[in-house]
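**Q** The structure under discussion is supplied below as structure tokens; questions concerning it will follow.
There are 4 protein chains.
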Amino acid sequence: MPEASKIHPDQLQDKLAALAQWRLDNAGQSIAREYRFDDFMQAFAFMSEMAIWSEKHDHHPEWFNVYNKVKVTLTTHDAGGLTERDLAWARHADAVFSRSH
Amino acid sequence: MPEASKIHPDQLQDKLAALAQWRLDNAGQSIAREYRFDDFMQAFAFMSEMAIWSEKHDHHPEWFNVYNKVKVTLTTHDAGGLTERDLAWARHADAVFSRSH
Amino acid sequence: MPEASKIHPDQLQDKLAALAQWRLDNAGQSIAREYRFDDFMQAFAFMSEMAIWSEKHDHHPEWFNVYNKVKVTLTTHDAGGLTERDLAWARHADAVFSRSH
Amino acid sequence: MPEASKIHPDQLQDKLAALAQWRLDNAGQSIAREYRFDDFMQAFAFMSEMAIWSEKHDHHPEWFNVYNKVKVTLTTHDAGGLTERDLAWARHADAVFSRSH
């Protein structure tokens, strides 16, 4: 798992460029994205795959689901902001979504 | 699945008496409860079981998870408030939680 | 859910033509297919989606998993052979696999 | 995760004493157990929890499910037989089953 030290703000924009669907909060402490699927079953399959990945990498999202929507917020509480662990989660989730959608 | 007509406010308190852990919102339109588990794996097992139940009964929660916590909000949008479908979901989830916790 | 009467052997070959990856057993009573995924997480995401679908349609597979492989056998015990319910399961699983793989 | 060296046959009986529901195969290379649940939803919740655990500990079962039954076979292929990793899986699964059943 990537190191869990907070990413310097100067580096953050570059790193977020490849995560175009994610929004940085105003305080620059977390990123969020909403995924939309065709139905609840597809949404929950995505959650199941990312649940396993999250536990394996010991980094868990805050996520909200209703029917076909999954809204995710990522931050690293121990570091007080965004770390490479959040970016790794976001990149993997985007790849799972691209593949499965 | 129980009928999806809105429960009359006069009847709601009686029906909610058996769901002591659930809170009615101020507008009386939804109920919410937070479940706490020992860890993420237990929380997600609960979500997996309730995900299957939800799709089977065609009634889906709004739910939020972070690590060992699952916060659920229930309402029936088609009826503009609480119906027996919400109460059935809450009762079943409480039973799953009691059994698995 | 499709009707659960046994499909006449004369009709079976036609119906199985669209399920090219599935093998009919020698007795003509069940069909089987193995799916291979990139890893365990993808395999289990597929199983999660099909688990929900199975319960929703009240038709459950016999399935075996080890790591990235999922082997499925379908039959309708009540009908003593293959029914449209089995074909519906196979078609949906193939669609989920095509989409997610 | 426990070490993955094959357990000496002299030690195996002692170690299996606490896993009374598991059967050792004739060659002494694997152990197997069947779990029975009230319904498919409970069985799959168990599988979801153990799926996460398996990936986290990088040790995956061979398992078969049909409706409320989950049959598990454990061995460590790299070691050519049973290791502490198999016993850890069996112990954890028994604990999850005891808790959730």
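If you read the protein sequences in the order shown, they are chains A, B, C and D. Mind the numbering: the first sequence is residues 1 to 101 in the working numbering, read in order. Mind the numbering: the second sequence is residues 1 to 101 in the working numbering, read in order. Mind the numbering: the third sequence is residues 1 to 101 in the working numbering, read in order. Mind the numbering: the fourth sequence is residues 1 to 101 in the working numbering, read in order. Note that beta-carbon positions come from the ideal geometry of N, C-alpha and C, so glycine has one too. Quick caveat, the model's predicted, so the values are computed rather than measured.
Could you check if D:Ser48 is buried or exposed, using at least 16 other CB atoms within 10 Å of its CB as the buried criterion?
**A** buried
**Q** Just reading off the beta strand (DSSP E) that C:Phe64 is part of, what are its end residues?
**A** Element bounds for C:Phe64: 62-66.
**Q** Does DSSP put C:Glu34 in a helix, a strand or coil?
**A** DSSP places C:Glu34 in strand when its eight states are reduced to three.
**Q** State the CB to CB distance for the pair B:Leu19 and B:Arg91, rounded to an integer number of angstroms; the pair is presumed to be in contact (CB under 8 Å).
**A** 7 Å
**Q** At least one CB of chain D closer than 7 Å to the CB of B:Ile31: is that the case?
**A** no
**Q** For D:Asn65, which residues from the same chain have a beta carbon less than 8 Å from its beta carbon, with the 5 sequence-adjacent residues on both sides left out?
**A** Ala43, Phe44, Met47, Lys71
**Q** Are the Cβ atoms of C:Thr73 and C:Ser30 separated by less than 7 Å?
**A** Contact: yes.
**Q** Can you grab the Cα-Cα spacing for the pair B:Ser54 / B:Pro61, in whole Å?
**A** Cα to Cα, the separation comes out at about 8 Å.
**Q** B:Ile52 CB to nearest chain D CB: under 7 Å?
**A** yes
**Q** Determine the DSSP secondary structure at D:Lys15, reduced to helix, strand or coil.
**A** helix
**Q** How many angstroms separate the CA atom of C:Phe40 from the CA atom of D:Asp10?
**A** 33 Å
**Q** By the 10 Å Cβ neighbour count, where 16 or more other Cβ atoms means buried, how is C:Ser5 classified, buried or exposed?
**A** Result: exposed.
**Q** Beta-carbon of D:Glu55 versus every beta-carbon of chain A: anything under 7 Å?
**A** yes
**Q** Relative to the C-alpha of B:Trp22, which residue among B:His8, B:Trp89, B:Asp58 is closest?
**A** B:Trp89
**Q** Between the alpha carbons of C:Gly81 and C:Leu87, how many angstroms are there, rounded?
**A** Going by C-alpha positions, C:Gly81 is about 12 Å away from C:Leu87.
**Q** Along the chain, where does the alpha helix (DSSP H) that runs through B:Leu87 open and close?
**A** 84-100
**Q** Can you pull the chain E residues whose beta carbon is under 8 Å from the beta carbon of D:His60, in chain order?
**A** In the structure shown, chain E cannot be found, because the protein chains are A, B, C and D.
**Q** How long is the line joining the alpha carbons of A:His59 and B:Tyr67, rounded to whole angstroms?
**A** Cα to Cα, A:His59 sits roughly 9 Å from B:Tyr67.
**Q** Taking Cβ positions, are C:Lys15 and C:Arg36 nearer each other than 7 Å?
**A** no
**Q** Between B:Ala93 and C:Ile52, which are expected to be in contact by the criterion C-beta below 8 Å, what is the C-beta distance as a whole number of angstroms?
**A** Incorrect: roughly 16 Å between the Cβ atoms, too far for contact.
**Q** Write down the C-beta distance between B:Asp25 and B:Ala32 rounded to the nearest angstrom, noting that I regard them as a contact closer than 8 Å.
**A** Indeed, because the Cβ distance is near 7 Å, the residues count as touching under 8 Å.
**Q** Find out if the Cβ-Cβ distance for the pair A:Ser100, C:Ser100 is shorter than 7 Å.
**A** Cβ distance < 7 Å, so A:Ser100 and C:Ser100 count as in contact.
**Q** I need the straight-line Cα distance from D:His57 to B:Glu34, nearest angstrom please.
**A** The straight-line gap from Cα to Cα measures roughly 29 Å.
**Q** Run through DSSP, which three-state label would A:Lys56 get?
**A** helix
**Q** Alpha carbon to alpha carbon, what distance is there between A:Ala95 and A:Pro2?
**A** 18 Å
**Q** Can you list, in chain order, the residues of its chain with a C-beta nearer than 8 Å to that of C:Gly28? Leave out the 5 residues immediately preceding and following it.
**A** Pro9, Leu12, Gly81, Leu82
**Q** With a threshold of 6 Å, establish whether the CB of D:Ser48 neighbours any heavy atom of the ligand FMN.
**A** Looking at this structure, you won't find the ligand FMN or any other ligand, since it has none at all.
**Q** Short of 7 Å in beta carbon distance, which residues of its chain neighbour C:Thr76, apart from the five on each side in sequence? Order them along the chain.
**A** Ala4, Leu82, Thr83, Arg85, Asp86
**Q** Give me the DSSP bridge partner(s) of C:Lys71.
**A** C:Glu34, C:Phe64
**Q** In chain D, which residues lie with their C-beta within 7 Å of the C-beta of B:Glu34?
**A** The premise fails here: B:Glu34 is roughly 19 Å from chain D at the closest Cβ pair, so nothing lies under 7 Å.
**Q** Excluding the five sequence neighbours on either side, which residues of its own chain have a C-beta within less than 7 Å of the C-beta of D:Ala79, listed in chain order?
**A** Ala4, Ser5, Lys6
**Q** Can you find a C-beta in chain B that's less than 7 Å from the C-beta of D:Ala45?
**A** yes
**Q** Is B:Val98 close to chain D, meaning its C-beta is less than 7 Å from at least one C-beta of that chain?
**A** As written in the sequence, residue 98 of chain B is Ser, which differs from the Val given in the question. Not an interface residue.
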